[in-house]
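Here the structure is laid out as structure tokens; the discussion comes afterwards.
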Amino acid sequence: MKIIWRDDDCNVYTDAFKFKELHERFIRKRQTHTVAVIMKDLWENHALFYYLATAPYLEIGLHGWEHKDYSEMYDYECIEDLRKSIEYWEENSRRMTGKCKKIKTFFAPWNKEGKGIKQACSVLGLE
Numbered sequence: 004m005k006i007i008w009r010d011d012d013c014n015v016y017t018d019a020f021k022f023k024e025l026h027e028r029f030i031r032k033r034q035t036h037t038v039a040v041i042m043k044d045l046w047e048n049h050a051l052f053y054y055l056a057t058a059p060y061l062e063i064g065l066h067g068w069e070h071k072d073y074s075e076m077y078d079y080e081c082i083e084d085l086r087k088s089i090e091y092w093e094e095n096s097r098r099m100t101g102k103c104k105k106i107k108t109f110f111a112p113w114n115k116e117g118k119g120i121k122q123a124c125s126v127l128g129l130e
């Protein structure tokens, strides 16, 4: 059995120092730590963005552009928001570090599913 250690709502206001302090526990144990990131303005927290982009044992998952109920949205709205989030992550990661951790998973806020979410994930290759 694989346990996923997931932190939700990592965003521009997350304290980079405290986050690093927490994640270092995962590094010491060589365990993967998954973070569900809200992308809007994340780049503005340069310290956190750099750490997310470079730290080992840290998997980046998407929580959305903003923390909203994607289960209530049409597929084209979900696709637009999630695509914008992925492009934002990729562009800023490459600009800052020269490489980019791939986002593979979308963790919907409140863990609510919807037809639009399923379609968006299918189109964008997200789990």
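Start counting at 1 in the sequence shown, then tack on 3, and there's your number in our numbering. Even for Gly, the Cβ is constructed at its ideal location relative to N, Cα and C.
In terms of residues, what are the limits of the alpha helix (DSSP H) holding residue i?
| i | result |
| --- | --- |
| R31 | A19 to K32 |
| I120 | K118 to L127 |
Whose C-alpha, out of the options, is nearest the C-alpha of residue i?
| i | options | result |
| --- | --- | --- |
| D12 | V126, K121, F109 and L129 | F109 |
| K5 | Q34, I30 and H70 | Q34 |
| T37 | V126, R86 and H66 | H66 |
| R9 | L45, S88, V40 and A123 | V40 |
On the criterion of 16 or more Cβ atoms from any shown chain inside 10 Å, does residue i qualify as buried, or is it exposed?
| i | result |
| --- | --- |
| L61 | buried |
| G101 | exposed |
| G145 | The shown model of the chain, from 4 to 130, leaves out residue 145, and the question about it has no answer. |
| N48 | buried |
| S125 | exposed |
| A50 | exposed |
Considering residue i, what are the terminal residues of the beta strand (DSSP E) in which it resides?
| i | result |
| --- | --- |
| V40 | H36 to I41 |
| C13 | W8 to C13 |
### Query
Which residue spans inside the region 46 to 93 form an unbroken alpha helix (DSSP H) run of at least 4?
Here the runs fully enclosed are 49 to 57.
### Task
Decide if the region 77 to 90 is in contact with the region 18 to 36; the criterion is three or more beta carbon pairs, one per stretch, under 8 Å apart.
Contact between the region 77 to 90 and the region 18 to 36 is absent, because fewer than three Cβ pairs lie under 8 Å.
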